[in-house]
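Each number in the working numbering comes from the position in the sequence shown (counting from 1) with 4 added on.
Backbone N, C-alpha and C define an ideal beta-carbon position, used for all residues, glycine too.
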Amino acid sequence: MLQQSGFAGPILHFRGCDADGVHLAAITVRPEAAPPPGAVTTGGGAVQPVLLAQVAGLSVWRHDFTLAEAEGGYALDGRDHPVATRLDGDIRIAFVSCNGEENGDLDREGAERNLMWARLRADHARAPFALLLQGGDQIYADEATHGHSLSDGWPDRIPDDPAPADLDGLTRHLERRFVQRYLMVLAAEGCADLFASVPSLSVWDDHDICDGWGSLPESRTGSAVGQALFSVARRMYLLFQHGATDADVPALFMDPTGRNLCWRRDLPGVTLFAPDLRSERHRHRVMGDAGWQAVESLRPAGDHVFMLSSVPLLGPRLSLAETVLMAIPRMQHYEDDLRDQWQSHAHRDEWRRMLSQVLRMRKQAPVTILSGEIHLATRAEMGPEETLIHQLVASGISHRAPPRGYARALGLFAGLGDAPLQGHPIRIKPLPGQKHRYVAERNYLVLDRRAGRWQAVWHLEDSGLTPPLALD
5 MLQQSGFAGP
15 ILHFRGCDAD
25 GVHLAAITVR
35 PEAAPPPGAV
45 TTGGGAVQPV
55 LLAQVAGLSV
65 WRHDFTLAEA
75 EGGYALDGRD
85 HPVATRLDGD
95 IRIAFVSCNG
105 EENGDLDREG
115 AERNLMWARL
125 RADHARAPFA
135 LLLQGGDQIY
145 ADEATHGHSL
155 SDGWPDRIPD
165 DPAPADLDGL
175 TRHLERRFVQ
185 RYLMVLAAEG
195 CADLFASVPS
205 LSVWDDHDIC
215 DGWGSLPESR
225 TGSAVGQALF
235 SVARRMYLLF
245 QHGATDADVP
255 ALFMDPTGRN
265 LCWRRDLPGV
275 TLFAPDLRSE
285 RHRHRVMGDA
295 GWQAVESLRP
305 AGDHVFMLSS
315 VPLLGPRLSL
325 AETVLMAIPR
335 MQHYEDDLRD
345 QWQSHAHRDE
355 WRRMLSQVLR
365 MRKQAPVTIL
375 SGEIHLATRA
385 EMGPEETLIH
395 QLVASGISHR
405 APPRGYARAL
415 GLFAGLGDAP
425 LQGHPIRIKP
435 LPGQKHRYVA
445 ERNYLVLDRR
455 AGRWQAVWHL
465 EDSGLTPPLA
475 LD
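Quick look at the structure:
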């Protein structure tokens, strides 16, 4: 795997599957002066790369190709990359989130930072994954605003009317900073081989833009500096997390206008979908008309639905904590974090609206919600047995866990329960084999379909593997 300065890839992205096989896109990154990558070779022939974008002195190339079910992978530049192409029957899917930290992530020692990635790679070598689902905060871009006069004070201090030339300079600065973070992740030892062999599907969260995006005051996010930040973050998200540009949006996302980047993919027996909780968010809403139209028009096609919610949909009564903390002046800096949650007072009507949509889907097939964001591992259930909905939270593939005392306190608070929809109480429950509701360890999640039945296993940094949890 190329890991020199300015090189990364190939990085696989899942486009879909049908009778012809698995449709994939592979991106590679090279300095602008370097020659393009060679052709991808498969059983169907050779596929030449196309230049997708040039940014921050780098060229991003893409190969679009299909692997038939009987094929074992592809070759590029003299290396073979195995890929699991049989998506019916028994398959394994990995889920990760929170791949970084707010401060100093670029300076962390690689082996420590990517310890759980190394375990995931070894797990894949033992039994290959068909997909890698990434549930948000794939990078931590919070420090990308540092080092430029327009954004050094973000979000507390921003200029009122910056000159166009200065905004252009800020855009170039942010592009370099975002690309630096993406390449650090995508070319990391222990991760790069995995990205070359396991196609990804990703949804973004706030740190892929900046901490608290959409929950910050609108005077910040709607400013010229805020809009420059969002524009760069969105282009980099499309480019590195989907191998795409705006021209690809109508084919890849449910809203062809791109106002909301909700996506859906169908595998044999499975519908995967991810509402976009960031593109249309502001302090008084989670999604706009485009996002809600996508969710409310979705009709599952499989025997099981997996929904990626970058912020946990089933959670404790955080609105109560919000009320208490907002009454304490020195605690009000937590307001953005609390408003980010579905359970916030500001979003409670939308929370019920989304829960109602999940219940609608549950009438057609079992539904499991996958989430991250909280840097802890936990799970939740909603409703009576006949309409039971599972939520699995795996958060912190590289973000170090908070103190265990915090997890214990949150677990006690979660014991209060909540029932935003009458007759469908939410219960936060311990992982299989664990005593407490929240586990303060880095972790990732494995979804495993065997003989048509799904189960989930958490891989915890210190405690190891949990016993399997049946999802059907």
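| request: Starting from the C-beta of residue 352, find all residues in its chain whose C-beta is less than 6 Å away, skip the five residues before and the five after it, and write them out in chain order. | output: On the sequence shown, position 348 is the one that residue 352 refers to. Closer than 6 Å at the Cβ level, and outside the excluded window around residue 352, lies no residue.
| task | State buried or exposed for residue 376, treating a residue as buried only when at least 16 other CB atoms are found within 10 Å of its CB. | result | What you label residue 376 is simply residue 372 of the sequence shown in a count that begins at 1. Burial call: buried.
| Should residue 445 and residue 466 be called a contact, given that it needs their Cβ atoms to be closer than 8 Å? | To locate residue 445, count along the sequence shown from 1; it is residue 441. To locate residue 466, count along the sequence shown from 1; it is residue 462. Closer than 8 Å, so yes.
| Cβ-based neighbour list, residue 78, same chain, cut-off 6 Å, excluding 5 preceding and 5 following | In the sequence shown, counting from the first residue as 1, residue 78 sits at position 74. Take residue 78, set aside five residues on each side of it, and the residues of its chain with a beta-carbon closer than 6 Å to its own are 44, 46, 85, in chain order.
| said: With a threshold of 7 Å (Cβ to nearest heavy atom), would residue 370 be considered close to the ligand MG? | reply: Questions concerning the ligand MG fall outside what the structure shown contains, since it holds no ligand whatsoever.
| Residues near residue 385 by beta carbon distance below 8 Å, same chain, minus five either side | By 1-based counting over the sequence shown, the position of residue 385 is 381. 318, 392, 393, 394, 395, 430, 431, 433, listed in sequence order.
| message | My parser needs the alpha helix (DSSP H) runs of 4 or more residues fully inside the segment 397–431; what are they? | response | 408–418
| Buried versus exposed call for residue 181 [16 or more other C-beta atoms within 10 Å across all chains shown] | Working through the sequence shown from its first residue, we reach residue 181 at position 177. By the neighbour-count rule (16 or more Cβ atoms within 10 Å), residue 181 is buried.
| said: Taking only three categories from DSSP, how would you classify residue 294? | reply: If you number the sequence shown from 1, residue 294 lands on position 290. DSSP places residue 294 within a helical segment (H, G or I) once states are collapsed to three.
| Does DSSP put residue 452 in a helix, in a strand, or in coil? | If you number the sequence shown from 1, residue 452 lands on position 448. It is a strand residue.
| query | Taking residue 178 as the reference, which of 60, 397, 11 has the closest Cα? | reply | Translated into the one-based positions of the sequence shown, residue 178 becomes position 174. The option with the nearest alpha carbon to residue 178 is 60.
| Can you tell me whether DSSP reads residue 202 as helix, strand or coil? | Numbered from its first residue, the sequence shown carries residue 202 at position 198. Of the three classes helix, strand and coil, the one that applies to residue 202 here is coil, per DSSP.
| Residue of 164, 248, 449 minimising C-alpha distance to residue 225 | By 1-based counting over the sequence shown, the position of residue 225 is 221. Comparing Cα positions, the closest option is 164.
| request: In angstroms with no decimal places, state the Cα-to-Cα distance between residue 233 and residue 155. | output: Residue 233 sits at position 229 when you count from the first residue of the sequence shown. Residue 155 sits at position 151 when you count from the first residue of the sequence shown. When rounded, the distance between both Cα atoms is 9 Å.
| message | Rounding to the nearest angstrom, what Cα-Cα distance links residue 110 and residue 188 in this structure? | response | The sequence position of residue 110 within the sequence shown is 106, counting from 1. The sequence position of residue 188 within the sequence shown is 184, counting from 1. Going from the Cα of residue 110 to the Cα of residue 188 covers about 7 Å.
| task | Under 6 Å Cβ to Cβ from residue 54, same chain only, skipping five residues before and after it: list those, please. | result | Translated into the one-based positions of the sequence shown, residue 54 becomes position 50. Here the set comprises 66.
| query | Between which two residues does the beta strand (DSSP E) harbouring residue 78 extend? | reply | What you label residue 78 is simply residue 74 of the sequence shown in a count that begins at 1. From DSSP, the beta strand (DSSP E) with residue 78 extends over 77–80.
| task | Report yes or no: do the segment 408–419 and the segment 453–463 share at least 3 C-beta pairs separated by less than 8 Å? | result | Too few Cβ pairs lie closer than 8 Å, so no.
| query | Among residues of its own chain, excluding the 5 on either side of residue 343, which ones have a beta-carbon nearer than 7 Å to its beta-carbon? | reply | Within the sequence shown, residue 343 is the residue found at index 339, counting from 1. Cβ-Cβ distances below 7 Å link residue 343 to 219, 287, 350 in the same chain, with the five nearest sequence neighbours on each side left out; the list follows chain order.
| query | Which residues does DSSP pair with residue 385 in a beta bridge? | reply | Residue 385 sits at position 381 when you count from the first residue of the sequence shown. Its beta-bridge partners are 394, 431.
| As assigned by DSSP and simplified to three states, the class of residue 120 | Here residue 120 refers to the residue found at position 116 of the sequence shown. Residue 120 falls in the helix class under three-state DSSP.
| request: Please work out which residues of its chain come closer than 6 Å, Cβ to Cβ, to residue 13, disregarding the five sequence neighbours upstream and downstream, and give them in chain order. | output: By 1-based counting over the sequence shown, the position of residue 13 is 9. Cβ within range, chain order: 31, 32, 33.
| query | Rounded to the nearest angstrom, how far is the Cβ of residue 275 from that of residue 309, given a contact under 8 Å? | reply | Sequence index remark: in the sequence shown, residue 275 carries index 271 (1-based). Sequence index remark: in the sequence shown, residue 309 carries index 305 (1-based). With 8 Å as the limit, residue 275 and residue 309 qualify as a contact, their Cβ atoms being about 5 Å apart.
| query | Can you name the start and end residues of the alpha helix (DSSP H) that residue 175 belongs to? | reply | Locating residue 175 in the sequence shown gives position 171, counting from the first residue. Looking at the DSSP string, the run of the alpha helix (DSSP H) that includes residue 175 is 168–190.
| request: To the nearest angstrom, report how far apart residue 304 and residue 150 are at their CA atoms. | output: Counting from 1 along the sequence shown, the entry for residue 304 is found at position 300. Counting from 1 along the sequence shown, the entry for residue 150 is found at position 146. Distance between the alpha carbons of residue 304 and residue 150 is about 43 Å.
| query | Given residue 121, which residues of its chain have a CB within under 6 Å of its CB, disregarding the five upstream and five downstream residues? | reply | What you label residue 121 is simply residue 117 of the sequence shown in a count that begins at 1. Closer than 6 Å at Cβ, skipping near neighbours: 194, 195.
| request: Assign residue 19 to one of three DSSP states: helix, strand, or coil. | output: Start at 1 with the first residue of the sequence shown, and residue 19 comes out as number 15. In this structure, residue 19 counts as strand in the three-state DSSP scheme.
| query | So the alpha helix (DSSP H) residue 256 belongs to, where does it begin and stop? | reply | Counting from 1 along the sequence shown, the entry for residue 256 is found at position 252. Per DSSP, residue 256 belongs to the alpha helix (DSSP H) from 253–256.
| said: Restricting to Cα atoms, I'd like to know which of 42, 101, 16 is closest to residue 450. | reply: As a position in the sequence shown, residue 450 is number 446, starting the count at 1. Scanning 42, 101, 16 for the CA closest to the CA of residue 450 turns up 101.
| task | From the DSSP output, read off the bridge partner residues of residue 100. | result | Position 96 of the sequence shown, counted from the start, is the residue given in the question as residue 100. DSSP, once it has assigned bridges, lists 138 as partnering residue 100.
| Segment limits, beta strand (DSSP E) that includes residue 277 | Indexing the sequence shown from 1 puts residue 277 at position 273. Boundaries of the beta strand (DSSP E) around residue 277: 274–278.
| field | Test item: CB-CB of residue 28 and residue 71 under 8 Å | value | Along the sequence shown, read from residue 1 onward, the residue named residue 28 stands at position 24. Along the sequence shown, read from residue 1 onward, the residue named residue 71 stands at position 67. Against a cut-off of 8 Å, the Cβ pair of residue 71 and residue 28 comes out as a contact.
| Looking at the structure shown, is residue 328 part of a helix, part of a strand, or coil, going by DSSP? | Sequence index remark: in the sequence shown, residue 328 carries index 324 (1-based). Any reading at residue 328 needs caution, since the residue's pLDDT is 48, under 50, leaving its predicted position unreliable; the model's value is listed next. Here residue 328 sits in helix by DSSP.
| message | I need the DSSP call for residue 225, collapsed to helix, strand or coil. | response | Taking the first residue of the sequence shown as position 1, residue 225 is located at position 221. Reduced to three states, the DSSP call for residue 225 is helix.
| Since residue 487 is in the beta strand (DSSP E), which residue starts that stretch and which ends it? | Residue 487 falls outside the range modelled here, since the chain spans only 5 to 476, and no answer is possible.
| said: Assess contact between the segment 249–264 and the segment 190–209, defined as three or more Cβ pairs (one per stretch) separated by less than 8 Å. Is contact present? | reply: In short, these stretches do not touch, since the Cβ pair count stays below three.
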